[in-house]
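Asks: The numbering used here puts the sequence shown at residues 377 to 515. For each residue, glycine too, the CB sits at the ideal point set by N, CA and C.
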Amino acid sequence: KLDHKDSSYGTGTPMTYTEIHLLDAINKGNGTFVTRLAEDFDVTKGAVSQLLVKLEKKNMITKRPDPDNLSRKLLYTTELGNKACEQHEKFHQAMNSFFYKLFDDTTSEQMDLFLSFADRLNDMAQSDEIAELISKHNS
């Protein structure tokens with residue numbers, strides 16, 4: 377659902393929303409593994425494994441044997457993966473700065489209204505309601 381836009385994050389290699397956030401979790405988890413990522417993202421291990429194959433092909437991650445559990449691979453970001461994570465973090469910092477400026481002189485009533493709208497929009501996005509509305513509008 378969320379893989380709607382590609383960005384290279386300064387690497388020249390397009391990455392989806394889901395890929396960069398999984399990569400960021402690997403970067404922060406320094407030596408994490410599939411089961412932990414699946415639990416953290418509330419998805420199946422198969423879904424994580426499919427994304428890891430893509431990240432590995434893009435030279436964003438490496439896998440190393442876990443010395444404490446030889447049946448498990450530990451995941452690490454490569455130099456290219458680190459660069460993508462750094463640029464992704466800068467993107468979030470820029471967006472945060474933008475929103476702080478945008479809402480700097482906003483009253484609490486205006487903020488409550490905005491947050492209520494944002495919550496509703498998020499609920500619609502998660503339930504595919506927006507796609508249904510667009511589809512109805514376009515037909």
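1) When the Cα atoms are used, what is the spatial distance from Lys512 to Ala501?
2) Taking DSSP as the reference, what is the three-state secondary structure of Met436?
3) Could you check what DSSP says for Asp442 in three-state terms: helix, strand or coil?
4) Is Asn435 close to chain B, meaning its C-beta is less than 8 Å from at least one C-beta of that chain?
5) Answer yes if the region 411-423 comes into contact with the region 431-446, meaning at least three C-beta pairs across the two stretches below 8 Å, and no otherwise.
6) Do Gln463 and Gly386 come within 8 Å of each other at the CB atom, strictly closer than that value?
7) Here's the rule I'm using: 16 or more other beta-carbon atoms within 10 Å means buried, otherwise exposed. How should Val410 be labelled?
8) Over what stretch of residues does the alpha helix (DSSP H) that includes Ser473 continue unbroken?
9) Measure the CB-CB distance between Ile396 and Leu451 and report whether it falls below 8 Å.
Replies: Taking the geometry as given:
1) Here residue 512 corresponds to residue number 136 of the sequence shown, with the count starting at 1. Here residue 501 corresponds to residue number 125 of the sequence shown, with the count starting at 1. The alpha-carbon atoms of Lys512 and Ala501 are separated by roughly 15 Å.
2) Within the sequence shown, residue 436 is the residue found at index 60, counting from 1. DSSP places Met436 in coil when its eight states are reduced to three.
3) On the sequence shown, residue 442 is found 66 positions in, with the first residue counted as 1. In the structure shown, Asp442 sits in a strand (DSSP, three-state: E or B).
4) Within the model displayed, chain B is absent; a lone protein chain is all it includes.
5) no
6) For this step, residue 386 is matched to residue 10 along the sequence shown. For this step, residue 463 is matched to residue 87 along the sequence shown. It is a contact, given that the beta carbons lie within the stated cut-off.
7) Taking the first residue of the sequence shown as position 1, residue 410 is located at position 34. Buried, by the Cβ-count rule.
8) Sequence index remark: in the sequence shown, residue 473 carries index 97 (1-based). Unbroken alpha helix (DSSP H) run through Ser473: Glu455 to Leu478.
9) Residue mapping note: residue 396 aligns to position 20 of the sequence shown, counting from 1. Residue mapping note: residue 451 aligns to position 75 of the sequence shown, counting from 1. In this structure, Leu451 does not lie closer than 8 Å to Ile396 by Cβ.
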